[in-house]
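Mapping of the sequence shown onto UniProt numbering: position 111 corresponds to residue 111, and the numbering continues sequentially without gaps. From the three backbone atoms N, C-alpha and C, an ideal C-beta is built for every residue, glycine too. Accompanying notes for the structure given below.
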Amino acid sequence: MSQPFETLISDARAFYGELAQNNNREWFTENKSRYETLLKKPAKLLLDTIAPKLGGLLDQTVTTKLFRANRDVRFSKDKTPYSTHLHMMWSPQGNGTQPIYFFGIAGEYVRTGAGLMNFDKAQQTAWRAWVSEREGDALQTRLDAAVSAGATYGKPELKRVPSPFGNDHPRAELLRRKSLVLWNDIGSKASSDLVGAIEQSFAQFEPVMDDLRTFL
1 MSQPFETLIS DARAFYGELA QNNNREWFTE NKSRYETLLK KPAKLLLDTI APKLGGLLDQ
61 TVTTKLFRAN RDVRFSKDKT PYSTHLHMMW SPQGNGTQPI YFFGIAGEYV RTGAGLMNFD
121 KAQQTAWRAW VSEREGDALQ TRLDAAVSAG ATYGKPELKR VPSPFGNDHP RAELLRRKSL
181 VLWNDIGSKA SSDLVGAIEQ SFAQFEPVMD DLRTFL
């Protein structure tokens, strides 16, 4: 029996491709039932399908969120009212630091993600203490393995290595970070088995995510 989200990627890309050319309230209102039926309903089912699987992997409860179609334009120069992507996330509810897990569809990507978008003050302090010592070598090894498996992560936010660490520190790149999120483009795999592709990607992230839970 087919799952209602089997065509979610193609339906989302078709919908958002049209929305990008007609990003206004009138067009969205006329096509809202299409959004509700082809995108929102299967996206929520996908969230609910993945949640217990991820919860089993992490041995904890996981909550879900589907991001709204409306954009928050209050502080943005771009006043187009609707997002042209479908984003969702899973939030583990265990104690301590918990990385967040993501999935998104847009015209230019179909990708998963996992990590911490912004370290809070305590996490930033713990991060620098962690990566500056011997454990930082082990983390870098795990990051390199994730990249070899297809993951990416963005450039560090700081231009300079924070004091008291020197610019020649072997983990200078990690010390300049204020966040860590791994991303994986799963478009080629997701077209035939979306749930399996997301599960596999999250499992590949797990060695690094487990480090974040342990050390932060």
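So residue i and residue j are supposed to be a Cβ contact under 8 angstroms. How far apart are they, rounded?
i: Q60; j: G94; result: 4 angstroms
i: E157; j: R177; result: 7 angstroms
i: Q98; j: R213; result: 7 angstroms
i: R34; j: F15; result: 7 angstroms
i: F205; j: A126; result: Actually they do not touch by this definition, with Cβ atoms about 20 angstroms apart.
How would you call residue i, buried or exposed, if buried means at least 16 neighbouring beta carbons within 10 angstroms?
i: P170; result: exposed
i: T37; result: exposed
i: A151; result: buried
i: Q123; result: buried
i: M1; result: Caution applies to M1, whose pLDDT of 42 falls short of 50 and renders its modelled position unreliable; the value that the coordinates give is listed next. M1 is exposed by the Cβ-count criterion.
i: V181; result: buried
i: G136; result: buried
i: F102; result: buried
i: P42; result: buried
i: P52; result: exposed
i: P164; result: exposed
Could you work out which residue in the options is closest to residue i when comparing CA atoms only?
i: I50; options: R213, I198, Q204 and D72; result: I198
i: L39; options: D168, D48 and D11; result: D11
i: R71; options: N24, S91, F103 and V110; result: N24
i: R142; options: P207, K79, G166 and F103; result: P207
i: F119; options: G96, Y16, F28 and R74; result: G96
i: A203; options: E26, L54 and L45; result: L54
i: T112; options: G154, T125, S201 and D144; result: S201
i: L57; options: L216, D210 and T214; result: D210
i: L8; options: G154, V110, S148 and R160; result: V110
i: A149; options: D185, N22 and L19; result: D185
i: residue 227; options: V161, W90 and G196; result: Within the shown structure, residues of the chain are numbered from 1 to 216, placing residue 227 beyond reach of any answer.
i: N22; options: I100, T80 and G196; result: T80
i: L19; options: K65, A106 and F67; result: A106
i: G17; options: E108, W183, Y153 and L47; result: E108
Quick one: what's residue i bridged to in DSSP?
i: D168; result: Its beta-bridge partners do not exist; DSSP assigns none.
i: S91; result: T63
i: T125; result: DSSP, once it has assigned bridges, lists no residue as partnering T125.
i: T112; result: F103 and N184
i: L38; result: DSSP output for L38 lists no bridge partner at all.
i: T80; result: Answer is none; T80 lacks a bridge partner.
i: T152; result: W183
i: L86; result: I105
i: N70; result: Y82
The region 176 to 193 / the region 77 to 92 touching (three or more Cβ pairs under 8 angstroms)
no
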